[in-house]
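**Q** Input: one structure, supplied below.
Have a look at this one:
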């Protein structure tokens with residue numbers, strides 16, 4: 001059967017099972033403590049009692065209680081009936097004699113058994129034969145009394161020794177015999193004396209440590225214990241820093257966070273060693289660290305402080321943005337787009353004005369039927385022409401007129417060897433103070 005211990009914690013708890021106040025460990029032959037389960041093989045009436053599952057991580061514990069009741073149904077069977085697991089045969093129909101033999105040799109392979117003080121042990125000598133064999137138990141060649149062996153048919157095939165003391169050490173022999181023969185088996189039991197005490201932190205570790213920013217350092221913890229202890233590292237949480245961690249535990253007036261812990265190494269001197277490694281140290285890694293060693297008898301702890309030197313590289317100051325972050329994105333994008341649109345409109349208007357001035361100032365000639373171009377006639381300047389002339393200098397205007405006249409000449413269907421032109425300007429002044437300027441262009445081919 002199995003008894004479960006439904007407990008969860010961070011870090012994982014240390015599970016300890018007890019029966020009627022006695023600790024259950026590997027010395028109990030039919031009992032096996034698994035991760036969170038107690039398994040009992042071949043349940044007997046003497047297994048009835050109160051079972052307690054105690055889960056602890058050094059800072060607190062919780063108990064789960066079970067009451068086991070074993071119902072003995074052998075009283076309702078006939079005299080010749082045998083309990084399960086006991087393969088015993090009565091005289092068969094032919095009356096053939098069968099000498100005794102052990103029916104569970106696999107459970108009898110371990111003949112030398114060492115158990116600590118306070119534990120228990122079970123010695124098996126289950127056998128069969130025809131007629132049914134008898135069994136006698138001896139300790140150091142001395143027969144055991146019925147009280148020492150225990151009462152009941154099933155118990156006599158298994159010798160149970162509970163709450164072991166050094167006086168239980170010795171050789172135990174079972175003699176099994178019938179009319180056809182006899183067999184025997186001997187066990188050597190050694191009860192080991194030990195002192196049950198809580199773990200002790202030896203040496204000077206952990207010690208106060210200083211590390212550079214971004215550097216690597218470690219804390220060590222050396223624990224002496226009769227059994228392998230649970231070693232756990234804790235870090236004190238500074239006031240106001242509880243929100244940085246998923247879970248913390250309260251010890252006294254301070255809160256601590258449980259840190260991941262590596263493997264525990266066993267040393268030849270009987271002590272146990274564990275190391276806490278801190279890499280890429282930062283300012284928040286500084287503070288008080290605690291090494292805690294715990295076993296079933298209690299726990300001990302020791303603290304040390306870690307100092308992290310400041311970062312030699314100053315942090316980069318953020319570059320302020322040109323526009324306030326409160327402005328919406330449409331405004332940020334629309335302002336530059338509007339400026340570009342206005343500049344483009346002004347530039348386009350200016351180019352159109354220059355083009356209008358240049359095209360309006362060209363004096364076109366008419367082509368005669370014989371292919372000659374008729375000389376252009378003199379015309380007076382309009383208001384638009386005056387605006388164009390005012391926007392450029394007179395010399396630039398003359399250069400434009402000459403270039404356009406040259407293009408008209410090159411575009412003619414025939415090229416004449418000599419072209420004479422006369423360009424002169426007349427200026428007339430009137431009495432009222434007005435001045436008129438006229439330009440005359442004469443062509444002679």
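In the UniProt record's numbering, the protein residues as written are 1 to 445.
Just so you know, even glycine gets a beta-carbon here, dropped at the ideal spot from N, CA and C.
Bear in mind that the values here come from a model prediction, so they are computed numbers and not experimental data.
#1: With a Cβ-Cβ cutoff of 8 Å, do residue 221 and residue 295 count as a contact?
#2: Can you check which of these residues, 127, 2, 52, 164, is closest to residue 118 by C-alpha distance?
#3: Tell me residue 133's beta-bridge partners as DSSP assigns them.
#4: Using the beta-carbon count (16 or more within 10 Å), is residue 12 buried or exposed?
#5: Am I right that residue 224 and residue 150 are in contact with their C-beta atoms under 8 Å? What's the rounded C-beta distance?
#6: Measuring only the C-alpha atoms, how far is residue 183 from residue 267?
#7: Whose C-beta lies closer than 6 Å to the C-beta of residue 175 among residues of the same chain, with five residues either side of it excluded?
#8: Starting from residue 100 and walking both ways along the alpha helix (DSSP H), at which residues does that stretch end?
#9: Please look up how many angstroms separate the CB atoms of residue 210 and residue 278, rounded, as I've assumed it's under 8 Å.
#10: Provide the residue span of the alpha helix (DSSP H) that contains residue 463, from first to last.
#11: What does residue 53 pair with, by DSSP beta-bridge criteria?
#12: How should residue 312 be labelled, buried or exposed, when 16 other C-beta atoms within 10 angstroms of its C-beta is the threshold for buried?
#13: Would you decide whether residue 368 is buried or exposed? Buried here means 16 or more other CB atoms lie within 10 Å of its CB.
#14: Taking 8 Å as the cut-off, decide whether the C-beta atoms of residue 5 and residue 45 are in contact.
#15: With H, G and I counted as helix, E and B as strand and the rest as coil, what does DSSP make of residue 288?
#16: In this structure, what does DSSP give as the bridge partners for residue 143?
#17: So what's residue 220 in DSSP terms, helix, strand or just coil?
#18: Would you mind giving the Cβ-Cβ distance between residue 282 and residue 264, rounded to the nearest angstrom? I have them listed as a contact below 8 Å.
#19: In this structure, what does DSSP give as the bridge partners for residue 22?
#20: Taking residue 53 as the reference, which of 7, 162, 60, 71 has the closest Cα?
#21: Mind checking which residues open and close the beta strand (DSSP E) that includes residue 274?
#22: Hey, could you find the ends of the beta strand (DSSP E) residue 187 is sitting in?
#23: For the beta strand (DSSP E) holding residue 302, just list the boundary residues, first then last.
#24: Buried or exposed: which applies to residue 245, given that a residue is buried once 16 or more other Cβ atoms fall within 10 Å of its Cβ?
#25: Report the rounded CA-to-CA distance for residue 97 versus residue 32, giving the unit in angstroms.
#26: When DSSP labels each residue in this structure, what does residue 259 get in the three-state scheme?
#27: In or out: residue 100 buried (at least 16 other Cβ within 10 Å) or exposed?
#28: Which residues mark the beginning and the end of the beta strand (DSSP E) in which residue 208 is found?
#29: Check whether the Cβ atoms of residue 206 and residue 219 sit closer than 8 Å, and answer yes or no.
#30: Going by beta carbon distance, what residues of the same chain come within less than 8 Å of residue 35, once the five residues before and after it are set aside?
#31: Checking the sheet assignment: what are the DSSP bridge partners for residue 334?
#32: Classify residue 5 as helix, strand or coil using the three-state DSSP reduction.
#33: Quick check on the burial criterion: 16 or more other C-beta atoms within 10 angstroms. Buried or exposed for residue 29?
#34: Return helix, strand or coil for residue 354, following the three-state DSSP convention.
#35: Which residues share a DSSP beta bridge with residue 160?
#36: Between which two residues does the beta strand (DSSP E) holding residue 213 run?
**A** Here's the rundown:
#1: no
#2: 164
#3: Its beta-bridge partners do not exist; DSSP assigns none.
#4: exposed
#5: 39 Å between Cβ atoms; not a contact.
#6: 45 Å
#7: 136, 184
#8: It is not in any alpha helix (DSSP H) - residue 100 instead sits in the beta strand (DSSP E) that spans 98-102.
#9: Actually they are not in contact, since the Cβ atoms of residue 210 and residue 278 sit about 12 Å apart, beyond 8 Å.
#10: This structure does not reach residue 463, given that the chain is present from 1 up to 445, and the question cannot be answered.
#11: 17, 64
#12: exposed
#13: Note that residue 368 scores a pLDDT of 45, beneath 50, so its modelled location is shaky; the value from the coordinates is reported in the next line. So residue 368 counts as exposed.
#14: no
#15: strand
#16: 138
#17: strand
#18: Not a contact, Cβ separation roughly 27 Å.
#19: 19
#20: 7
#21: 271-278
#22: 181-192
#23: 298-308
#24: exposed
#25: 39 Å
#26: coil
#27: buried
#28: Segment: none, residue 208 is in no beta strand (DSSP E) and carries neither H nor E.
#29: yes
#30: 15
#31: Answer is none; residue 334 lacks a bridge partner.
#32: coil
#33: buried
#34: helix
#35: 122
#36: Note, residue 213: premise wrong, no beta strand (DSSP E); not H, not E.
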